[in-house]
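Undergrad: Let me begin by handing over the structure; questions about it come next.
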Amino acid sequence: MKKLKSVLLGSAASLVLVAGVSQAEIRIGIDPAPYLPFSAESASGQLEGWEIQIADAICAAMNEDCVWVKTAWDGLIPALTSNKIDAIINSMSITEERMKTIDFSNKYYNTPAVIVAPKDSNISADAASTDGMYIGVQVATTHANYVEAHMGSATIKSYQNFDEHNQDLFSGRIDAVVGDSMAMQPFLESTEGQCCEIKGDLHDVAIFGPGVGVGLRKGSDLKAKINAAIDQIRADGTFDRISKPFFNFDIYGG
Amino acid sequence: MEWYWLGEYAPKLLSGTWLTIQLLVMAVFFGMLLAIPIGLAQVTGPKIFSLPARAFCTTFRGTPLLIQLWLLYYGLGSLFPYMDGIRSSFIWPYLRDAFPYAIVAFTLSVAAYEGEIMRGAFKNVPKGELEAGIASGMSRFQLLRRIWLPRALQNVMPTLAGEMVLTLKATPLAATITVYEIFGVGTIIRQETYRIYEPLLLIAGVYICLTGVIVVLFHWLENRVPKASG
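Chains as they are written, first to last, in the numbering used here: chain R, 867 to 1120; chain A, 30 to 259.
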């Protein structure tokens, strides 16, 4: 581990030197620890994953050269503020706490909360369709908060964990489950999950937060450029083309 | 110690306590109704009754209540999708709800433990008293109602009180099948407020109060049962 760290630090330092001379490259910090399907390091040390491809697309849209700087997760923000990297693209959620220290681009993804129900059910994201229904949620989650706030006429069933509400959805005890789309995907791909499908995305920024953005230094002039690049790859279809093989739902989150 | 959350969660805490009480009272009531014939069958019944009764007690006392609860709730639940028409049947509202499963599981558990206690209790009533009853012309049912059952209960009252307290302390298991009784409510509070000690202490206090009520109740009952003859 120590050895790995020194190699990483060494490479980071040399990159800083290089960047110090040219300033042409944008240094993007990422934790090489695997976070599938977003990012992971292959056996040959190559970074791969959905987020890597998106970052490459953003760089291409900006017409900039980008280099990856591998940094441990808890060192990302310090590396950014101490000018060792210029951006963080590592599934970092935009939170008020982080906004005190760094800035963020607009979101580039936000795994939406979804409502999942049996295929023949008439339930949708519309609260009226859940009237009198049993809705399963994991206890003390933003999803539970959403159902409480928006689907008041449904009966909420709280589960200690995720597999339990999926089990009851499969058995038909509950009419729908509200949960994170990423987390629901493995269930929907399983044999039991064939009973059911995603009936709609649920949105409430106040409850779920804005999503994941590119972490930037405060006042960085990259912010406008990256926002424009995100808009561009969204508009020209690059974003969807990259996302399709990875996700069976809209990862951008509407 | 911070108790700011108490007001916000008071309604949930009250309904949780009420659910605990309902679960306990129903389980002990129905469990006791089953325990009397189960105990009696083991002492006096022909093999066709006594063997199943013994097997029932051994099985249910020999497996964790949590497993029984999950086998009933999630185990049966996994069969529902394969039963045609069950979701349109009139019992579906009960089958989908978790509370009836909790009642059944706890009732069977109480029946098994108290059935064993009642077996000992029936057995320990002095033979002479039963013979005296028969000699004075009582029918078998009169004998049971007037001598055998009261004498048996009289002997095991303190044990039954202990069993009821143990059952009370097993009720938190119901929270694992979405019956949010008082312990489950405490879990929600802990997960939402990130306060650990206060909700746990409060809930421990609720259990102590409920135990106190059980102890006082049985003390009163013991005094009502006529003292040993002579």
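Positions of the beta carbon are idealized from the N, C-alpha and C atoms, including for glycine.
Source: prediction; values computed, not measured.
Count the other CB atoms within 10 Å of the CB of residue 952(R); is the residue buried (16 or more) or exposed (fewer)?
TA: Along the first sequence, one-based indexing puts residue 952(R) at 86. Residue 952(R) comes out buried.
Undergrad: With a 10 Å radius around its C-beta and 16 neighbouring C-beta atoms as the bar for buried, classify residue 917(R) as buried or exposed.
TA: Translated into positions along the first sequence, residue 917(R) becomes position 51. By the 10 Å Cβ count, residue 917(R) comes out buried.
Undergrad: Checking contacts by CB at 9 Å: is residue 997(R) closer than that to chain A?
TA: The count along the first sequence starts at 1 and reaches residue 997(R) at position 131. For residue 997(R), the answer is no, since every Cβ of chain A falls outside 9 Å of its Cβ.
Undergrad: Excluding the 5 residues flanking residue 993(R) on each side, which residues of the same chain have their C-beta closer than 7 Å to its C-beta?
TA: Taking the first sequence and counting its residues from 1, the one referred to as residue 993(R) is at position 127. These residues qualify, in order along the chain: 1016, 1017.
Undergrad: In whole angstroms, what is the alpha-carbon distance linking residue 964(R) and residue 940(R)?
TA: Locating residue 964(R) in the first sequence gives position 98, counting from the first residue. Locating residue 940(R) in the first sequence gives position 74, counting from the first residue. In a straight line, the C-alpha of residue 964(R) is about 12 Å away from that of residue 940(R).
Undergrad: Please list the residues of the stretch 177 to 209 of chain A that have a C-beta atom closer than 9 Å to any C-beta atom in chain R, keeping them in chain order.
TA: Residues passing the 9 Å Cβ filter: 204, 205, 206, 207, 209.
Undergrad: Restricting to runs no shorter than 3 residues, where is the beta strand (DSSP E) found entirely within the stretch 945 to 1016 of chain R?
TA: Listed in chain order, they are 969 to 975, 979 to 984, 1000 to 1004.
Undergrad: Count the other CB atoms within 10 Å of the CB of residue 1060(R); is the residue buried (16 or more) or exposed (fewer)?
TA: Position 194 of the first sequence, counting from 1, holds the residue named residue 1060(R). Under this definition residue 1060(R) is an exposed residue.
Undergrad: If we count the other Cβ atoms within 10 Å of its Cβ and call it buried at 16 or more, is residue 1070(R) buried or exposed?
TA: In the first sequence, residue 1070(R) corresponds to position 204, counting from 1. Answer is exposed; the Cβ neighbour count stays below 16.
Undergrad: List, from N- to C-terminal side, the alpha helix (DSSP H) runs of 4 residues or more that fit wholly inside the stretch 98 to 128 of chain A.
TA: Correct list: 121 to 125.
Undergrad: Tell me, please, whether the CB atom of residue 1005(R) is closer than 9 Å to any CB atom in chain A?
TA: For this step, residue 1005(R) is matched to residue 139 along the first sequence. Taking Cβ atoms only, chain A reaches closer than 9 Å to residue 1005(R), which makes this a yes.
Undergrad: Which term fits residue 86(A), buried or exposed, when burial requires 16 or more other beta carbons within 10 angstroms of its beta carbon?
TA: In the second sequence, the residue the question calls residue 86(A) occupies position 57. It counts as buried.
Undergrad: By Cβ distance, which residues of its chain are closer than 7 Å to residue 973(R), with the 5 residues on each side in sequence left out?
TA: Taking the first sequence and counting its residues from 1, one reaches residue 973(R) at position 107. Counting only Cβ-Cβ distances below 7 Å, and skipping sequence neighbours, we find 960, 1076, 1077, 1078, 1079.
Undergrad: Tell me, please, which residues DSSP counts as bridged to residue 76(A).
TA: Working through the second sequence from its first residue, we reach residue 76(A) at position 47. Bridge partners of residue 76(A): none, in fact.
Undergrad: Anything in chain R within Cβ reach of residue 217(A), meaning under 8 Å, just list it in chain order.
TA: Counting from one through the second sequence, the residue named residue 217(A) turns up at place 188. What residue 217(A) touches in chain R: 1005, 1006, 1024.
Undergrad: Under a CB-based cut-off of 9 Å, is residue 124(A) close to chain R?
TA: Position 95 of the second sequence, counted from the first residue, corresponds to residue 124(A). So yes, residue 124(A) belongs to the interface.
Undergrad: Using DSSP with H/G/I as helix, E/B as strand and the rest coil, what is residue 1089(R)?
TA: By one-based count along the first sequence, residue 1089(R) stands at place 223. Correct three-state label for residue 1089(R): helix.
Undergrad: Are residue 988(R) and residue 1055(R) closer than 9 Å when you measure CB to CB?
TA: Your numbering for residue 988(R) matches position 122 in the first sequence. Your numbering for residue 1055(R) matches position 189 in the first sequence. Their beta carbons are not under 9 Å apart, which means residue 988(R) does not touch residue 1055(R) by this criterion.
Undergrad: So with Cβ pairs under 9 Å, would you call residue 888(R) a contact of chain A?
TA: Position 22 of the first sequence, counted from the first residue, corresponds to residue 888(R). Residue confidence is low: residue 888(R) scores 44 on pLDDT, short of 50, so the model does not pin down where it sits. Its coordinate-derived value is still stated next. Not closer than 9 Å to any Cβ of chain A, the Cβ of residue 888(R) fails to qualify, so no.
Undergrad: Distance check for residue 34(A) and residue 1100(R), CA to CA, integer angstroms please.
TA: As a working note, residue 1100(R) is residue 234 in the first sequence. As a working note, residue 34(A) is residue 5 in the second sequence. Each residue's alpha carbon lies about 44 Å from the other.
Undergrad: With DSSP as the reference, label residue 166(A) as helix, strand or coil.
TA: Here residue 166(A) corresponds to residue number 137 of the second sequence, with the count starting at 1. Residue state, collapsed to three classes: coil.
Undergrad: Could you check how far apart the C-beta atoms of residue 31(A) and residue 227(A) are, in whole angstroms? I think they sit under 8 Å.
TA: As a working mapping, residue 31(A) is identified with position 2 in the second sequence. As a working mapping, residue 227(A) is identified with position 198 in the second sequence. Rounded, the Cβ-Cβ distance is 7 Å, consistent with contact.
Undergrad: Please identify, using Cβ separations under 7 Å, the residues of the stretch 98 to 123 of chain A that lie next to chain R, in order along the chain.
TA: Answer in chain order: 103, 106, 107, 109, 110, 116.
Undergrad: Closest to residue 150(A) by C-alpha separation, out of 183(A), 245(A), 249(A), would be which residue?
TA: As a working mapping, residue 150(A) is identified with position 121 in the second sequence. Measuring from the Cα of residue 150(A), the nearest candidate turns out to be 183(A).
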